[in-house]
Structure formats: C-alpha cells, structure tokens
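Below is one structure, written out as structure tokens, with a few remarks after it.
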Amino acid sequence: MRLNKYLALCGVGSRRKVEEFIFAGRVVCGGYQVTEPGYDVPDGEIVTVDDVEVRPERKIYMVLHKPRGYICAVSDRNYPVILDLLPREYDYYRLFPVGRLDLQSEGLLMLTNDGDFSQEMIHPRAGITKEYEVLLDRMPNEREMRQLRDGTVFEGKRLHPVGVDFLQREPEGRWLRFVLNEGVKREIRLIAEGAGLKVQVLFRRRIGRMELRHLKSGCAREYSADQLRRMIRHGGAV
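In our numbering, the protein residues as written are 1 to 238.
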C-alpha cells in the first residue's frame with residue numbers, strides 16, 4: 001500500500017496533510033526515514049510519525065439514539081457531546097457524527113470514522129431523505145400549513161421540505177411529520193419560525209428507510225457499512 005494512503009487509513013490526516021508530514025521527514029518506515037508518498041509499505045512493517053507508531057484504524061459504523069442536551073461534536077467546552085454516550089473502548093477510533101441534530105433535538109444518528117461513507121450518506125445527490133416527528137407550540141391554520149410546506153428563505157437560501165403532514169397523535173393537530181432531503185442546520189426550526197410557529201419537540205425517526213424503533217435513548221449499536229446501507233435503502237428497524 002502507498003505510504004500516503006496507509007497514513008490516511010491510520011487517521012493521521014487527509015492525503016494532502018500526510019504528504020506534508022512525509023516531505024517534512026517526520027515519517028519513518030522500518031527504521032528508515034521515508035520522504036516519498038508513493039513508497040510501498042510492506043505487510044507488517046512498523047511505521048512511525050514523530051516517533052509514534054501508527055496502524056490503520058478499524059472502520060466503525062454505529063447508530064445512536066441521541067437524547068436532548070448533547071452536542072453533535074467530538075468536543076465542546078459547554079455541553080456534553082454525543083461521544084460521551086459511547087463505551088470508552090470507542091475513544092481510540094476517532095468517531096464523528098454523520099450529519100447533525102442540534103442540542104435540543106433527539107432521535108436517529110449515525111457515527112463513523114469513515115469519511116467516504118459519511119459523504120456517501122449526506123451528499124444531496126444520494127437522495128437519502130430524513131423523516132422527523134415535530135411537536136409545535138400550537139396547531140397551525142391552513143395558511144401556516146401552506147407556509148410550512150412552501151418552506152422559507154434563510155440567508156439567501158430556500159429551505160424547502162420534501163413533505164409536511166399531520167400525525168395522528170395527541171395533542172391533536174400539533175404533531176407533524178417533516179421529510180427533508182438536504183439537512184441544513186436548524187432547517188425545521190427555521191421553517192417553523194418562518195410560519196410564526198415554534199418547535200417544542202424534534203425527533204428524527206428515519207434516515208432513508210431505516211427507522212428508529214427499539215434503541216433506547218442514549219444507547220448505540222454497531223453495524224457494518226453494508227448493513228446500514230441495506231437498511232437505509234431497503235428498510236429496517238434499529
């Protein structure tokens with residue numbers, strides 16, 4: 001395997017970043033300094049960066065039932081982060097969230113250390129919709145429902161949901177189902193505010209056709225990448 005790819009798989013940095021390390025003479029392979037990104041790393045050879053041995057990371061794919069009060073980040077000075085919910089054995093793997101749910105939102109979230117998988121899941125071209133169950137502060141009238149379905153403009157960008165419908169749940173008329181394609185930060189809250197309404201509860205129920213049903217709040221479960229892809233595309237409950 002080429003040295004630059006090997007180091008990227010070790011989580012040292014992007015291909016471009018690890019090449020900077022190589023050219024700077026910070027990488028040693030088999031006891032010898034190597035400054036060529038295309039160097040072929042033999043199986044079993046010890047590779048160090050700044051005298052610290054590095055090895056390719058195991059790729060991790062998880063789903064988490066995110067509770068309120070946690071930030072979708074790897075660190076934060078003011079609030080607990082979603083990584084605090086995971087067993088300490090996962091600290092080594094440098095996981096990050098695939099997409100975001102804000103501090104007061106809850107529901108289905110994926111975590112990984114595979115950047116290619118993350119981009120595959122969140123890029124608009126993938127056409128993976130997300131479904132949310134939303135409790136509003138009051139029942140919207142017909143005009144406000146039209147506004148919700150038409151979306152709103154925020155910072156020059158049109159925020160337009162794929163669909164908005166009532167849910168048959170108490171309190172009647174205040175629970176709505178939102179379906180989004182491109183998840184802009186705080187999109188549902190902004191759309192609701194544009195119609196003069198406020199969101200009291202925001203729960204992500206589905207990613208694609210994968211549905212949160214069994215996983216308790218604050219709990220996570222590991223899957224393979226293929227298992228997640230299959231559930232997202234063809235259906236499955238977690």
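Don't be surprised by glycine CBs; every beta carbon is placed ideally from N, CA and C.
If one requires a minimum length of 3 residues, the beta strand (DSSP E) runs lying completely within the region 2-72 are 27-29, 47-49, 61-66, in chain order.
A straight-line Cα-Cα distance of about 17 Å links residue 44 and residue 51.
By the criterion of at least three beta-carbon pairs nearer than 8 Å, the region 189-205 is in contact with the region 129-149. In the assembly as shown, residue 127 is an exposed residue. Its beta-carbon has fewer than 16 other beta-carbons within 10 Å. Counting the other Cβ atoms within 10 Å of the Cβ of residue 23 gives fewer than 16, which makes it exposed. Residue nearest to residue 84 within the set 225, 232, 218, 223 is 218 (criterion: CA-CA distance). In terms of Cα proximity to residue 238, the closest of 230, 213, 228 is 213. For residue 165, the uninterrupted beta strand (DSSP E) segment begins and ends at 163-166. CA-to-CA, the gap between residue 104 and residue 221 works out to about 22 Å.
The beta carbons of residue 82 and residue 108 sit about 12 Å from each other, so the pair does not count as a contact at 8 Å. Proximity to residue 147 across 192, 168, 125, 186 peaks at 192, based on C-alpha coordinates. Straight-line measurement puts the Cα of residue 79 at about 33 Å from the Cα of residue 166. The beta-bridge partner set that DSSP reports for residue 195 is empty.
Assignment of residue 101 by DSSP, reduced to helix, strand and coil, places it in the coil class.
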